[in-house]
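Chemist: Structure provided below as structure tokens; questions to follow.
Number of protein chains: 2
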Amino acid sequence: MNPEGMANGSRLVDDLAFRTESKILLAVIDGLGDLPIDDLDGRTPLEAAATPNLDALARLSSLGQHVPVARGITPGSGPAHLALFGYDPLEHCVGRGVLSALGVGFDLHPGDLAARINFCTVDGDGTVTDRRAGRISTETCRELVDELSGIEIDGIELHIMPVRDHRACVVFRGDGLSDSLTDTDPGLVGRKPLQAVAGNQGAERTAAFVREFSAKAARVLEEKSPANQILLRGFALYCPWQTMEDRFGLRAAAVALYPMYRGVASLVGMDVIAPSQDDLQGEAIAVRNSISDGYTFTFMHHKPADSAGEDGDCRAKIAAIEEFDTIVPALIKAGPDVLCITGDHSTPCSMKLHSWHPVPLLLYGGPQRTGCSAVFSERSALSGSTGTIRAVELMAILMASAGKLAKYGA
Amino acid sequence: MNPEGMANGSRLVDDLAFRTESKILLAVIDGLGDLPIDDLDGRTPLEAAATPNLDALARLSSLGQHVPVARGITPGSGPAHLALFGYDPLEHCVGRGVLSALGVGFDLHPGDLAARINFCTVDGDGTVTDRRAGRISTETCRELVDELSGIEIDGIELHIMPVRDHRACVVFRGDGLSDSLTDTDPGLVGRKPLQAVAGNQGAERTAAFVREFSAKAARVLEEKSPANQILLRGFALYCPWQTMEDRFGLRAAAVALYPMYRGVASLVGMDVIAPSQDDLQGEAIAVRNSISDGYTFTFMHHKPADSAGEDGDCRAKIAAIEEFDTIVPALIKAGPDVLCITGDHSTPCSMKLHSWHPVPLLLYGGPQRTGCSAVFSERSALSGSTGTIRAVELMAILMASAGKLAKYGA
Numbered sequence: 085m086n087p088e089g090m091a092n093g094s095r096l097v098d099d100l101a102f103r104t105e106s107k108i109l110l111a112v113i114d115g116l117g118d119l120p121i122d123d124l125d126g127r128t129p130l131e132a133a134a135t136p137n138l139d140a141l142a143r144l145s146s147l148g149q150h151v152p153v154a155r156g157i158t159p160g161s162g163p164a165h166l167a168l169f170g171y172d173p174l175e176h177c178v179g180r181g182v183l184s185a186l187g188v189g190f191d192l193h194p195g196d197l198a199a200r201i202n203f204c205t206v207d208g209d210g211t212v213t214d215r216r217a218g219r220i221s222t223e224t225c226r227e228l229v230d231e232l233s234g235i236e237i238d239g240i241e242l243h244i245m246p247v248r249d250h251r252a253c254v255v256f257r258g259d260g261l262s263d264s265l266t267d268t269d270p271g272l273v274g275r276k277p278l279q280a281v282a283g284n285q286g287a288e289r290t291a292a293f294v295r296e297f298s299a300k301a302a303r304v305l306e307e308k309s310p311a312n313q314i315l316l317r318g319f320a321l322y323c324p325w326q327t328m329e330d331r332f333g334l335r336a337a338a339v340a341l342y343p344m345y346r347g348v349a350s351l352v353g354m355d356v357i358a359p360s361q362d363d364l365q366g367e368a369i370a371v372r373n374s375i376s377d378g379y380t381f382t383f384m385h386h387k388p389a390d391s392a393g394e395d396g397d398c399r400a401k402i403a404a405i406e407e408f409d410t411i412v413p414a415l416i417k418a419g420p421d422v423l424c425i426t427g428d429h430s431t432p433c434s435m436k437l438h439s440w441h442p443v444p445l446l447l448y449g450g451p452q453r454t455g456c457s458a459v460f461s462e463r464s465a466l467s468g469s470t471g472t473i474r475a476v477e478l479m480a481i482l483m484a485s486a487g488k489l490a491k492y493g494a
Numbered sequence: 085m086n087p088e089g090m091a092n093g094s095r096l097v098d099d100l101a102f103r104t105e106s107k108i109l110l111a112v113i114d115g116l117g118d119l120p121i122d123d124l125d126g127r128t129p130l131e132a133a134a135t136p137n138l139d140a141l142a143r144l145s146s147l148g149q150h151v152p153v154a155r156g157i158t159p160g161s162g163p164a165h166l167a168l169f170g171y172d173p174l175e176h177c178v179g180r181g182v183l184s185a186l187g188v189g190f191d192l193h194p195g196d197l198a199a200r201i202n203f204c205t206v207d208g209d210g211t212v213t214d215r216r217a218g219r220i221s222t223e224t225c226r227e228l229v230d231e232l233s234g235i236e237i238d239g240i241e242l243h244i245m246p247v248r249d250h251r252a253c254v255v256f257r258g259d260g261l262s263d264s265l266t267d268t269d270p271g272l273v274g275r276k277p278l279q280a281v282a283g284n285q286g287a288e289r290t291a292a293f294v295r296e297f298s299a300k301a302a303r304v305l306e307e308k309s310p311a312n313q314i315l316l317r318g319f320a321l322y323c324p325w326q327t328m329e330d331r332f333g334l335r336a337a338a339v340a341l342y343p344m345y346r347g348v349a350s351l352v353g354m355d356v357i358a359p360s361q362d363d364l365q366g367e368a369i370a371v372r373n374s375i376s377d378g379y380t381f382t383f384m385h386h387k388p389a390d391s392a393g394e395d396g397d398c399r400a401k402i403a404a405i406e407e408f409d410t411i412v413p414a415l416i417k418a419g420p421d422v423l424c425i426t427g428d429h430s431t432p433c434s435m436k437l438h439s440w441h442p443v444p445l446l447l448y449g450g451p452q453r454t455g456c457s458a459v460f461s462e463r464s465a466l467s468g469s470t471g472t473i474r475a476v477e478l479m480a481i482l483m484a485s486a487g488k489l490a491k492y493g494a
């Protein structure tokens, strides 16, 4: 046994995991956690929502709360999901460029350098006037990407893919690339796009490629409107990770409508299952198929609660949670042996941002210390029998609950 | 971003911290935590105290409890405070000698060796009969220090400072000093003072200096009574630390009446603000000045609860807590954006000692999950929405609550 591994609880799970046919379903309501809201008489959206199915389930479950990354740390979606999948984001750093490329299904090779592209608008002076080019349509984005795809740079291979709206991504393929580069996005309007700067000598050659790409892209786009320039962010080298199959012996599948979450799931080796219809009902059907097809771990992702939180719209967040509640019977009927319902992080409506606050979680199925909670809410989760855990500890509890972890020591 | 730093939650805060004008106030009621006391009908002093202001605040706050260093570990004041300031005492060891010297405002240089002095009484045989020399007055201590200051030792520079009562401290300044030395304090009466022994060859020269100093001090004091000898403890080399400004971008100030706490605060780069009057009212005024002067982090320290706990006097501890309660409105009026009230450790009256028990904490201001607690007490803190944290995690929560931490990852 690897002594380094032993010092780390998450590696211990790898050592003790064994394969069984039992099925785990992890349902993530994005941005679920919230804070008390005056307009809701001091309740959170989860507390104010009518959730008969979740509440009935809570009585048969163990509740608790998780801290996504560390106390006080507000996570992005990438680190927050990786933690739920059992990959400590403090050990496994991953850049947004890689997540974007994986999210659109691009087949990254080890050593590829990926970055996010934002189409933007600059004035005659070259100053950025809109960092999102008026949020052009995905169709326009696709057309512009086609034009950029004609760019050639000696010494590397370029791949450019549309993502959504004004967002695209680029992959530089070649030998000896580095991701020690600064963004070209100035982060604010009223400034000019920046030059990519190498963080060390080994990155100078890559920085030159990136500057050449930026300059050529500017020439391709200069007559366009409103998208007449690009900004690059989140440079990240791709190095393949150990998969959930390698680590936990799980055949894992992801059901998600948004590319970003598919990307994170791909990174840890999940198969992406595209729902036949682009809504929560479609996702529920995809979950049923995933479980009946023999996947032993299914991740499903429900986005609208987070979007509502970021909009500060607590009624929309309530509606998103209530919509999720309606499919809970279908999720149970799909037959997982263990079902966990939680969020990836909190997105309080009052903040309109992700936050660091703990996230309620519910564990149903397998041997659980039930009977401690009557409803599913932030407050009831506080006194739930699972207590407060780090998100990265969840996978061990799911594996144990599903009977997939051996005893440690004699 | 430093990859090593990433593996460590407390370093993550350093990477994500940014400067804002928002103000954090950390009020420490020393030794706050306690255990149920029969004479108080099974309540703790905090539960038995009349604390209308703290209780009203609790309803608008998030409560929780912190474990000062690690489960079961009883901390000294130094490590306990360092943890609250975001410096993991398990990584940042600091000797008591350094804390003493900083506490009396001595300007330590890197490489200085500091130690604590206790004046003691020895009999004609040289055996220690009182390790505190009858707790001589600070005035007497000062006179004796003046006499000791005449001692000269070839090769080093000596600085001796009175602290309080029978306590003083000494700083050896010179090249190549080591703190790998044993104490000369035998720890018990009925024994003779020990010789300082080097822990390794590199410390032999330093040990010789210390033995010479002890011998010369004994000769200076031999005709005195009751303080006719010294005992040396807590040898510690001074090496400057990263300041709270460096790590968190905080302009930090300390309001404390006792030298020890000023010393710990100085060690992490806080400016020490001396209250204009030597009591809690004076401290409250100093806090107001600190905040209005633009300090973005103010630490204030209230000592009497700990002293009462060490005396086993639960009525005095109740009085100390009630006295603190009266200044809570002034602290709020001083205008911190985030206010945390907690203790550095527990000092249960029944034990008359510091202890390892978790310490209640209250977080007010910024986005908090409020509405979970009705009073401020050990019991209500247990079910507070912050849950149980390690003390060293508090700084991240304070920084996040004050809007001084960036999101981690995309």
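Going down the list, the sequences are from chains X and W.
Numbered according to the working numbering, the first sequence spans residues 85 to 494.
Numbered according to the working numbering, the second sequence spans residues 85 to 494.
Using N, Cα and C, we set each Cβ at its ideal position, and we do this for glycine too.
The model shown is predicted, which means the values in this text are computed figures rather than measured ones.
1. So with Cβ pairs under 9 Å, would you call lysine 491 of chain W a contact of chain X?
2. DSSP on glutamine 149 of chain X, reduced to helix/strand/coil?
3. Tell me whether the beta-carbon of alanine 133 of chain W lies closer than 9 Å to the beta-carbon of serine 464 of chain W.
4. Consider the Cβ of glutamate 477 of chain X: report whether some Cβ of chain W lies at a distance smaller than 9 Å.
5. For serine 233 of chain W, which residues in the same chain have their Cβ closer than 6 Å to its Cβ, ignoring the five residues on either side in sequence?
6. Hey, does serine 495 of chain X have any beta-carbon neighbour from chain W nearer than 9 Å?
7. For the alpha helix (DSSP H) holding methionine 344 of chain X, just list the boundary residues, first then last.
8. Could you please give me the residues that DSSP links to tyrosine 492 of chain W through a beta bridge?
9. So which of X/Lys417, X/Glu462 and X/Cys433 has the shortest CA-CA distance to glycine 449 of chain X?
10. What residue does the alpha helix (DSSP H) around threonine 222 of chain X start on, and which one ends it?
11. For the region 92-119 of chain X, list every residue whose C-beta sits within 7 Å of some C-beta in chain W, in sequence order.
12. Look at the alpha carbon of lysine 491 of chain W and the alpha carbon of aspartate 125 of chain W, and state the distance between them as a whole number of angstroms.
13. List the residues of chain W that leucine 466 of chain X touches, going by C-beta distances under 9 Å, in chain order.
14. I'd like to confirm the pairing. Which residues does DSSP put opposite isoleucine 244 of chain W in its beta bridges?
15. Select from W/Met483, W/Gly271 and W/Asp428 the residue whose C-alpha is nearest the C-alpha of aspartate 421 of chain W.
16. Are the CB atoms of alanine 164 of chain X and alanine 320 of chain X within a distance shorter than 9 Å?
17. Rounded to the nearest angstrom, what separates leucine 96 of chain X and threonine 327 of chain X at their Cα positions?
18. Would isoleucine 481 of chain W pass as an interface residue toward chain X - the criterion being a Cβ-Cβ separation below 9 Å?
19. Threonine 266 of chain X touches chain A at which residues, Cβ-Cβ below 7 Å?
20. If you draw a straight line from the C-alpha of asparagine 86 of chain X to the C-alpha of alanine 167 of chain X, how long is it?
21. According to DSSP, is glutamine 313 of chain W part of a helix, a strand, or is it coil?
22. Closer than 9 Å, Cβ to any Cβ of chain W: which residues of the region 160-175 of chain X, in chain order?
23. Quick check on this structure: which residue in X/Ala338, X/Leu446, X/Pro159 and X/Asp355 has the alpha carbon closest to the alpha carbon of alanine 368 of chain X?
24. Determine whether the Cβ of glycine 156 of chain X lies closer than 9 Å to any Cβ atom of chain W.
25. Would a check of beta-carbon distances place glycine 126 of chain X closer than 9 Å to chain W?
26. Just to make sure I have the definition right: I need the residues of chain W whose C-beta is within less than 7 Å of the C-beta of histidine 438 of chain X. Which are they?
27. Kindly list the residues whose CB is nearer than 6 Å to the CB of phenylalanine 532 of chain W, restricted to its own chain and excluding five residues on each side of it in sequence; keep chain order.
28. Which of the residues in the region 342-360 of chain X, read from start to end, lie with their CB under 7 Å from any CB of chain W?
29. Does DSSP put leucine 447 of chain W in a helix, in a strand, or in coil?
30. Can you pull the DSSP bridge partners for aspartate 355 of chain W?
31. Kindly indicate which three-state DSSP category leucine 482 of chain X falls into: helix, strand or coil?
32. Judging by CA-CA distance, which residue of W/Leu242, W/Val153, W/Ala287 and W/His250 is the nearest neighbour of serine 439 of chain W?
33. Determine, using beta-carbon pairs with one atom in the region 363-383 of chain X and one in the region 330-337 of chain X, whether at least three such pairs fall under 8 Å.
34. So that I know if they touch, is there some Cβ in chain W lying closer than 9 Å to that of valine 178 of chain X?
35. Between alanine 389 of chain W and chain X, is any beta-carbon pair separated by less than 9 Å?
36. Exposed or buried, alanine 280 of chain X, counting other C-beta atoms within 10 Å across all chains shown (16 or more means buried)?
Modeler: Reading off the structure:
1. yes
2. strand
3. Not in contact: alanine 133 of chain W and serine 464 of chain W (Cβ atoms no closer than 9 Å).
4. With 9 Å as the cut-off, glutamate 477 of chain X does not count as an interface residue toward chain W.
5. Ile244
6. Any answer about residue 495 of chain X is impossible in this case: the structure gives chain X only from 85 up to 494.
7. 343-351
8. X/Pro159
9. Across the set X/Lys417, X/Glu462 and X/Cys433, the C-alpha of X/Lys417 shows the shortest separation from the C-alpha of glycine 449 of chain X.
10. Element bounds for threonine 222 of chain X: 222-232.
11. For the region 92-119 of chain X, which is checked against every Cβ of chain W, the residues closer than 7 Å are Leu119.
12. 47 Å
13. Simply Arg453, Cys456, Ser467, Gly468, Ser469 and Gly471.
14. W/Val254
15. Cα-wise, what sits closest to aspartate 421 of chain W is W/Met483.
16. no
17. 16 Å
18. yes
19. No chain A is part of this structure, whose protein chains are labelled X and W.
20. Low per-residue confidence applies at asparagine 86 of chain X: pLDDT is 34, beneath 50, and the placement is therefore not dependable enough to give any value.
21. strand
22. Gly160, Ser161, Gly162, Pro163, Ala164, Leu166, Asp172, Pro173, Leu174 and Glu175
23. X/Ala338
24. So, interface residue.
25. yes
26. Lys491
27. With chain W covering only 85 through 494, there is no way to say anything about residue 532 of chain W.
28. none
29. strand
30. W/Ala337
31. helix
32. Residue W/Val153 is the option with its Cα nearest to serine 439 of chain W.
33. yes
34. yes
35. no
36. buried
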